[in-house]
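All residue numbers for the sequence shown refer to the UniProt record's numbering, where the first residue is 1 and numbers rise by one.
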Amino acid sequence: MASAAAATNRKATLFFTGRAVLALKAGGGWRELDPADDGSSPEARNAHFGRSGLAEFEELLEACVALGVTVMVCEMALKAIGLEASALRDDVPVVTGGVVTLLNGAPGDGNMLFV
């Protein structure tokens with residue numbers, strides 16, 4: 001959603017909270033994410049997307065960075081799982097903040113999508 005929004009000239013922020021912050025952990029932390037609803041591992045799900053001709057995780061994240069999407073990671077979530085900001089990827093510009101930071105940065109007349 002964020003890369004599509006940015007590709008159509010809409011400002012987008014990709015907010016990682018809860019265990020999703022693992023997706024920004026250096027060294028392929030996305031592989032540590034929880035299994036999908038069908039029980040498949042993150043790696044298996046990612047490979048399925050690739051075989052299906054869909055963008056894989058790294059491609060989507062790279063597109064977001066290239067298109068200027070703001071990538072924000074929740075400070076509280078980092079603390080909750082015991083992950084330091086220094087353990088995050090260095091190829092993705094990450095802003096730390098919380099839900100209040102996210103909401104305060106959103107334009108009053110803009111759209112917001114929570115999934």
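Each residue gets a CB set at the ideal place from its N, CA and C atoms; glycine is no exception.
Inter-residue spacing [alpha-carbon to alpha-carbon] between residue i and residue j
| i | j | result |
| --- | --- | --- |
| A36 | S52 | 17 Å |
| M76 | T70 | 18 Å |
| A63 | A55 | 10 Å |
| A85 | H48 | 30 Å |
| A66 | M1 | 15 Å |
Buried versus exposed, by CB contacts within 10 Å (16 or more), residue i
| i | result |
| --- | --- |
| S3 | buried |
| P42 | buried |
| N9 | exposed |
| A23 | buried |
| N46 | buried |
Cβ pair residue i, residue j closer than 8 Å
| i | j | result |
| --- | --- | --- |
| V94 | V73 | yes |
| A6 | G97 | no |
| L88 | K11 | no |
| V21 | L61 | no |
| F15 | L102 | yes |
| D34 | R19 | yes |
| G108 | T13 | no |
Residues bridged to residue i [DSSP beta-bridge criterion]
| i | result |
| --- | --- |
| L14 | V71 |
Along the chain, which unbroken stretches of the beta strand (DSSP E) at least 3 residues long are found entirely within the region 39-105? For the region 39-105, whole beta strand (DSSP E) runs of length 3 or above, ordered along the chain, are 70-74 and 94-97.
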